[in-house]
Amino acid sequence: MPEMPEVQGLVDFLGERLAGVRIERATVANIAALKTYDPPIEALKGVEITGATRRGKFVDLSTTGPHLVFHLAKAGWLRWYDALPQTLIRPGKTPIALRVALSDGAGFDLTEAGTKKSLAYYVVRDPADVPGIARLGPDPLDPSFTRDDFAALLAGRRTQIKGVLRDQSIIAGVGNAYSDEILHAAKMSPYALASSLSDDDVTRLFEAMTETLRDAVAAASGKPPADLKDAKRRGMQVHGRRGEACPVCGDEVRSVFFADNSLEYCPTCQTGGKILADRRLSRLLK
Ligand SMILES: [Zn+2]
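Going by this note's numbering, the sequence shown opens with residue 11, and the numbers climb by one from there.
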């Protein structure tokens, strides 16, 4: 799942590649992924693309007409073509959700692998018309976002810090993978309650968050879309590395499994050596 750094990498690529290019045609291949009907998708025909902006994990393409906004969700991706293939798309028989043909012969597909279809795209007059964008909390890499702003967001929240970091309405752009990485860098348990963090904890977590995200954005920037997923995997210290040695202390990276995902952590670095219970199992035992 692409998170802020990969989405930023995509936005940087698209901003450079699409500036001044016109949309020749936008072909809807999966109508369920198109979440808006006014303006119609046809309103994109012939418009010039004027910019690409990241909003949380959303990509916002502004044009001389409406905005084309998309969210890649769990299994979505953007496939770029310097020369767009002329093959016919058969709706329902393809991982392609949307195909955009450009005036210079290039183009891209929004594709979705897997069975849980959650990729979404929107044609809107204003990006704030997308409910997920209207709800977004502050961006942690916004230069005006400070440690004290972060402390204010955490204060009084009697919920686990892992969930707080992933909640897009509290902090925009962080998902399951980077919240694992941030908590590992901060040497903090994913189950720590946000409201119980000391001032030093908050400072350490804020620094771990901004550093982790800044490094990942730097690693993603300038890469073509096809390379971004591998770059993300390579940069991970604990996420997706169950059973491997923690690069900081050498302890074994552990997982906690949930219904449809898992988190990874290092017991020595983050929980004082304590092994966290498997949530699937403990639910069964209740
Ligand atoms: Zn460790």
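Note that the Cβ used here is the ideal one computed from N, Cα and C, for glycine as well.
Spatial neighbours of residue i in its chain, beta-carbon cut-off 6 Å, leaving aside the 5 residues before and after
i      : result
Leu193 : Pro200
Gly232 : none
Pro148 : Phe155
Leu24  : Ala62
Pro12  : Leu82
Asp190 : Val248, His249, Leu273, Glu274
Ala195 : Ala218, Thr222
Arg168 : Leu203, Ser205
Val31  : Ile59, Leu112, Ser113, Asp114
Gly282 : none
Residues near residue i by beta carbon distance below 7 Å, same chain, minus five either side
i      : result
Asp288 : Val266, Phe267
Ile285 : Arg264, Pro277
Glu34  : Ala111, Leu112, Ser113
Arg109 : Thr37, Ala39, Ile99, Gly117, Asp119
Ser128 : Ala83, Lys84
Val21  : Ala62, Thr63, Arg64, Val69
Gly245 : Ala226, Ala229
Ala138 : Ala144
Any non-hydrogen atom of ligand 1 within 6 Å of residue i CB
i      : result
Asp92  : no
Asp159 : no
Val57  : no
Thr156 : no
Thr303 : Absent from the model: residue 303. The displayed extent of the chain is 11 to 296, so no value can be given.
Val258 : yes
Asp240 : no
Asp177 : no
Asp225 : no
Asp114 : no
Asp2   : Outside the modelled stretch of the chain, which goes from 11 to 296, sits residue 2, for which no answer is possible.
Cβ neighbours of residue i in the same chain (closer than 8 Å, five flanking residues each side left out)
i      : result
Leu295 : Low per-residue confidence applies at Leu295: pLDDT is 48, beneath 50, and the placement is therefore not dependable, though the value from the model is reported in the following sentence. Same-chain partners within the cutoff: there are none.
Asp209 : Ala161
Arg243 : Gly250
Gly173 : none
Option in the options with minimal Cα separation from residue i
i      : options                        : result
Met14  : Ala116, Met219, Thr125, Ile106 : Met219
Pro153 : Gly124, Thr278, Arg224         : Arg224
Tyr91  : Lys84, Asp119, Val38           : Asp119
Leu44  : Ala202, Ala107, Arg135         : Ala107
Ala93  : Val174, Lys103, Gly75, Gly115  : Gly115
Ile181 : Trp87, Tyr275, Asp159, Arg168  : Asp159
Gly166 : Leu207, Leu151, Ala196, Ala138 : Leu207
Arg27  : Pro234, Glu254, Cys279, Arg244 : Pro234
Ala255 : Lys242, Tyr275, Arg32, Arg89   : Tyr275
Asp136 : Gly283, Gly253, Asp48, Leu238  : Asp48
Leu88  : Ala144, Lys239, Gly283, Val174 : Lys239
Leu54  : Ala187, Leu71, Val174          : Leu71
Leu175 : Phe216, Pro101, Pro141, Gly282 : Phe216
Asn271 : Arg252, Gly260, Pro257, Pro101 : Arg252
Ile41  : Gly102, Gly185, Val212         : Gly102
Enclosing beta strand (DSSP E) for residue i [first to last residue]
i      : result
Arg243 : Counting along the chain, Arg243 falls outside any beta strand (DSSP E), though it belongs to the alpha helix (DSSP H) covering 235-245.
His77  : 77-81
Ala111 : 106-112
Ala130 : 130-134
Asp177 : Per DSSP, Asp177 belongs to no beta strand (DSSP E) and is neither H nor E.
Asp70  : 68-73
Gly117 : 117-122
Distance between beta carbons of residue j and residue i, contact taken as under 8 Å
i      : j      : result
Pro105 : Thr125 : With 8 Å as the limit, Pro105 and Thr125 do not qualify as a contact, their Cβ atoms being about 11 Å apart.
Ala130 : His81  : 5 Å
Gly66  : Gly250 : Not a contact, Cβ separation roughly 22 Å.
Val133 : Val69  : That pair is no contact at about 13 Å.
Thr46  : Val57  : That pair is no contact at about 16 Å.
Lys197 : Gln96  : That belief does not hold up - the Cβ atoms of Lys197 and Gln96 are roughly 54 Å apart, past 8 Å.
Pro151 : Gln178 : It should be pointed out that residue 151 corresponds to Leu in this sequence rather than to Pro. With a Cβ gap of about 15 Å, Leu151 and Gln178 do not count as contacting.
Ala204 : Leu164 : 4 Å
Leu59  : Ala29  : The residue asked about is misnamed: residue 59 is Ile in this sequence, not Leu. Sure, about 7 Å apart at Cβ, within 8 Å.
Opening and closing residue of the alpha helix (DSSP H) in which residue i lies
i      : result
Gly19  : 14-28
Thr222 : 209-230
Glu52  : It is not in any alpha helix (DSSP H) - Glu52 carries neither H nor E in the DSSP assignment.
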